[in-house]
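Take a look at the structure below.
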Amino acid sequence: MKRYCDSLVIGGGIIGLSCGYYLSREGFKVQVIDSMEFGSGSSGACDDMILLQSKKPGVVLELAMESLEMYRFLHMELGCDLGFKQMGGMILIENQEELAVMEEFVSSQRSCGLNVDIVDREELRRRQPHVSDRFISSTYSPDDSQVDPFLVMKGFINAGQRLGMEVRYREAAVTAEKNGAGRWQVLTSTGCIVEAENVVISAGAWSNIVGGLFDISIPIFPRRGQLLITEKIPPIGETNLWSASYMVTKLRPDLAKVRENQSEYNELGLGFSFTRTAHGNYLIGSTREEQAGFKKLVDYRALEALSRQVAHIIPLMRHVHIIRHIAGFRPATPDGKMILGPWPGKEGLYVASGHEGDGIAMAPITGKLLSDIFTGRKSITNMKELIPRCMVV
Amino acid sequence: MSRIAEHPILGPLKPSGREVSILVDGEEVIAYEGEMIAAALMASGRRVFRYTEKRREPRGLYCAIGRCTDCVMIVNGIPNVRTCVTPVEPGMIIETQRGIGRWGGGDHGIH
Ligand SMILES: Cc1cc2nc3c(=O)[nH]c(=O)nc-3n(C[C@H](O)[C@H](O)[C@H](O)COP(=O)(O)OP(=O)(O)OC[C@H]3O[C@@H](n4cnc5c(N)ncnc54)[C@H](O)[C@@H]3O)c2cc1C
Ligand code: FES
Numbered sequence: 001m002k003r004y005c006d007s008l009v010i011g012g013g014i015i016g017l018s019c020g021y022y023l024s025r026e027g028f029k030v031q032v033i034d035s036m037e038f039g040s041g042s043s044g045a046c047d048d049m050i051l052l053q054s055k056k057p058g059v060v061l062e063l064a065m066e067s068l069e070m071y072r073f074l075h076m077e078l079g080c081d082l083g084f085k086q087m088g089g090m091i092l093i094e095n096q097e098e099l100a101v102m103e104e105f106v107s108s109q110r111s112c113g114l115n116v117d118i119v120d121r122e123e124l125r126r127r128q129p130h131v132s133d134r135f136i137s138s139t140y141s142p143d144d145s146q147v148d149p150f151l152v153m154k155g156f157i158n159a160g161q162r163l164g165m166e167v168r169y170r171e172a173a174v175t176a177e178k179n180g181a182g183r184w185q186v187l188t189s190t191g192c193i194v195e196a197e198n199v200v201i202s203a204g205a206w207s208n209i210v211g212g213l214f215d216i217s218i219p220i221f222p223r224r225g226q227l228l229i230t231e232k233i234p235p236i237g238e239t240n241l242w243s244a245s246y247m248v249t250k251l252r253p254d255l256a257k258v259r260e261n262q263s264e265y266n267e268l269g270l271g272f273s274f275t276r277t278a279h280g281n282y283l284i285g286s287t288r289e290e291q292a293g294f295k296k297l298v299d300y301r302a303l304e305a306l307s308r309q310v311a312h313i314i315p316l317m318r319h320v321h322i323i324r325h326i327a328g329f330r331p332a333t334p335d336g337k338m339i340l341g342p343w344p345g346k347e348g349l350y351v352a353s354g355h356e357g358d359g360i361a362m363a364p365i366t367g368k369l370l371s372d373i374f375t376g377r378k379s380i381t382n383m384k385e386l387i388p389r390c391m392v393v
Numbered sequence: 394m395s396r397i398a399e400h401p402i403l404g405p406l407k408p409s410g411r412e413v414s415i416l417v418d419g420e421e422v423i424a425y426e427g428e429m430i431a432a433a434l435m436a437s438g439r440r441v442f443r444y445t446e447k448r449r450e451p452r453g454l455y456c457a458i459g460r461c462t463d464c465v466m467i468v469n470g471i472p473n474v475r476t477c478v479t480p481v482e483p484g485m486i487i488e489t490q491r492g493i494g495r496w497g498g499g500d501h502g503i504h
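Rendered as structure tokens:
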């Protein structure tokens, strides 16, 4: 059997669906295929944050701010609730060294127009009465927001389908070649050949495997993240929470504190995030593991480390039950920036992937920018840093 | 107090702990130390332990083995405590839980 379309999108996570939707909106005939089920990839195993505060000034922060603006109105355009909420966020600061690093970081973000501040101990207590006394201050941004990734994916599918987009799960791309007329012929696992003018690879952490079908090597690799989900509980504090220690380690490796169980800590890549879902469950994250490959497993070590960490920061959490423990694969790149644009030397082949820990936040802007590239519209954003680039993995 | 005085399998009632007093929605209830909170509440004639989140329906003891979470109450300021598997301690403060409940004040002294 053979099918025809203008654009074949390979990978139906939040990024592929956003690309599919925005391309359909421009009048392209789009088909999205995904080897697994709805939400099987990282987009179904992650936190739900549109977090601006964690970003260094630069293209990533600018795009995240644009994406947040798009999310504010996206529910109207897609015609359904997306669980968008703006609870704000605080990054907890434990000592003077961290405070110095965060003060500098926050002032650089402010100069880019981000609405963020450092608050003192009293304001921290007032907004977060359950956080341990150990913390001396914190950042605060009212803009940090969240969405329900499943509702966003459903929204893109339904609105896309109204524009003629087709979405098929349990259909993997298996081989790819060009025919005499220069159109892609992609054989899928259902024995179908999809003929398309353009192909978009948005297979998340699996993008490099799909790239192999096109004889290209995309510098994207899986970085496993495990997180815990609690039962529904009454709100703990006014905002969502992170801790500065992980960010300080990234910004100033020389200040990284040496811990008792340092090697385990490094292997797990433990960071702290604490966010309330629309239903009242909390997501407690997360690990960033390099060595796990594609093993979609959770382990006791992470369960213990994540539980210990949250009880240390919010002692009250000792009394709360964990009801789920999940793992997902962040699509990571060596330089921490997504890859978006045409692949050099392969006409009609595009990559939109590598969002690592920000794919939910960046979904609308990614699809929008890709559709700008397709239509030749000039984007305001400086895209140079994102176009496919050779990097040593 | 209504307790099973002569159980067909467990035999005659032989309370293991001393009598202690706990507060249930502000009323004093006498319980045996170490028995499960739910047992003390049932013995005192209480059947409704909480009200559901969406439809505000009454719930009480269901599985009685800690699996279903139907019996949860606010105990010493902590919501979602399964009363069927949580032993009585002297002076415990127990409240009917409405929906997801609320955090109480105090030192959350439950272990
Ligand atoms: C613990 C954790 C916490 C996170 N927290 C956040 C957060 O708070 N905010 C945020 O913005 N981001 C967060 N992320 C990151 C976010 O989940 C990802 O960036 C995002 O989901 C990536 O979306 P995607 O569509 O690129 O990938 P995926 O959702 O993984 O989709 C890729 C799809 O490609 C399919 N596929 C693979 N191979 C093939 C093939 N051969 N043919 C067809 N289809 C194929 C897969 O089945 C999969 O469905 C988190 C991630 C983790 C793991
Ligand atoms: S009655 Fe089922 S958990 Fe207590």
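Chains S and L are the protein sequences, given in the same order.
Going by my numbering, the letters in the first sequence line up with residues 1 to 393, in that order.
Going by my numbering, the letters in the second sequence line up with residues 394 to 504, in that order.
Glycine included, each C-beta is placed from N, C-alpha and C at the ideal position.
Check: Separation of Pro451(L) from Arg440(L), as counted between CA atoms; Outcome: 9 angstroms
Check: Cβ-heavy atom distance, Met36(S) to ligand 1, below 6 angstroms; Outcome: yes
Check: Closer than 7 angstroms: residues whose CB approaches a heavy atom of ligand 2; Outcome: Ala431(L), Leu454(L), Tyr455(L), Cys456(L), Ala457(L), Ile458(L), Gly459(L), Arg460(L), Cys461(L), Thr462(L), Asp463(L), Cys464(L), Arg475(L), Thr476(L), Cys477(L) and Val478(L)
Check: Reference Pro57(S), options Gly237(S), Ser107(S) and Leu17(S), closest by Cα; Outcome: Ser107(S)
Check: Contacting residues, own chain, Cβ-Cβ under 7 angstroms from Ile365(S) (five flanking each side not counted); Outcome: Leu63, Glu66, Ser67 and Met70
Check: Where Val480(L) meets chain S, residues with beta-carbon distance less than 9 angstroms; Outcome: Looking at the sequence provided, one finds Pro at residue 480(L) rather than Val. Chain S residues near Pro480(L): none, gap ~15 angstroms exceeds 9 angstroms.
Check: Neighbour-count burial assignment, Gly502(L), 16 or more Cβ in a 10 Å radius; Outcome: Caution applies to Gly502(L), whose pLDDT of 49 falls short of 50 and renders its modelled position unreliable; the model cannot decide the point.
Check: Gln86(S) - containing beta strand (DSSP E), residue span; Outcome: Note, Gln86(S): premise wrong, no beta strand (DSSP E); not H, not E.
Check: Within-7 angstroms CB hit, Lys346(S) to chain L; Outcome: no
Check: CB-CB length for Tyr399(S) against Ala176(S), believed under 8 angstroms; Outcome: In this structure chain S extends from 1 to 393, so residue 399(S) is not present and cannot be described.
Check: Asp47(S) beta carbon near ligand 1 (any heavy atom closer than 6 angstroms); Outcome: yes
Check: Nearest-angstrom Cβ-Cβ length linking Met317(S) and Ile91(S), presumed shorter than 8 angstroms; Outcome: Met317(S) to Ile91(S), Cβ: 18 angstroms. No contact.
Check: Nonlocal neighbours in the same chain, by C-beta distance under 8 angstroms from Trp496(L), ignoring five residues either side; Outcome: Gly470, Ile471 and Pro472
Check: Given Tyr350(S) as reference, the closest of Met362(S), His279(S), Phe214(S) and Trp242(S) once Cα atoms are compared; Outcome: Phe214(S)
Check: Per-residue contacts from Pro472(L) into chain S (C-beta, under 7 angstroms); Outcome: Ile233 and Pro234
Check: Inter-residue Cα distance where the pair is Glu466(L) and Ile486(L); Outcome: Per the sequence presented here, residue 466(L) reads as Met, with Glu not at that position. Each residue's Cα considered, the two are about 10 angstroms apart.
Check: Secondary structure of Asn469(L), DSSP reduced to three states; Outcome: coil
Check: 4 or more residues per run - each alpha helix (DSSP H) lying fully within the segment 194–263 of chain S; Outcome: 207–213 and 244–251
Check: Closer than 8 angstroms at the beta carbon, the chain S residues around Arg531(L); Outcome: For chain L, the structure presents residues 394 to 504; residue 531(L) sits outside this window and is missing.
Check: Given 8 angstroms, three or more beta-carbon pairs between the segment 16–31 of chain S and the segment 326–334 of chain S; Outcome: no
Check: 4 or more residues per run - each alpha helix (DSSP H) lying fully within the segment 414–466 of chain L; Outcome: 430–436
Check: Cross-chain neighbours of Gly280(S) in chain L, by beta carbon under 7 angstroms; Outcome: Ile493
Check: Segment limits, alpha helix (DSSP H) that includes Phe374(S); Outcome: Gly359 to Thr375
Check: Boundaries (first-last residue) of the alpha helix (DSSP H) holding Glu177(S); Outcome: Careful: Glu177(S) lies outside any alpha helix (DSSP H), inside the beta strand (DSSP E) at Ala173 to Lys178.
Check: Buried or exposed by the 16-neighbour rule on C-beta atoms within 10 Å, applied to Asp335(S); Outcome: exposed
Check: Nearest candidate by alpha-carbon position, reference Ser35(S), set Gly204(S), Leu306(S) and Val101(S); Outcome: Gly204(S)
Check: Cutoff 8 angstroms; reference Val393(S); Cβ partners in own chain excluding five residues on either side; Outcome: Confidence at Val393(S) is low in this model, with a pLDDT of 36, below 50, so its placement is unreliable and the value that follows should be read with caution. Closer than 8 angstroms at Cβ, skipping near neighbours: Pro219, Phe221 and Pro334.
Check: Straight-line gap, Tyr169(S) to Gly11(S) (C-alpha atoms, nearest Å); Outcome: 9 angstroms
Check: Enclosing beta strand (DSSP E) for Lys154(S) [first to last residue]; Outcome: Where Lys154(S) is concerned, there is no enclosing beta strand (DSSP E), although the alpha helix (DSSP H) it sits in stretches over Pro149 to Arg162.
Check: C-alpha gap between Tyr455(L) and Leu406(L), whole angstroms; Outcome: 22 angstroms
Check: Every unbroken beta strand (DSSP E) inside the segment 102–145 of chain S [3 residues or more]; Outcome: 117–119 and 137–140
Check: Same chain, Cβ closer than 8 angstroms to Tyr444(L), neighbours up to 5 away in sequence not counted; Outcome: Glu450, Pro451, Arg452, Thr489, Gln490, Arg491 and Gly492
Check: Distance between Ile387(S) and Gln109(S) (C-alpha atoms, nearest Å); Outcome: 24 angstroms
Check: For Met462(S), three-class secondary structure by DSSP; Outcome: Because chain S in this structure spans residues 1 to 393, residue 462(S) falls outside the shown range and cannot be described.
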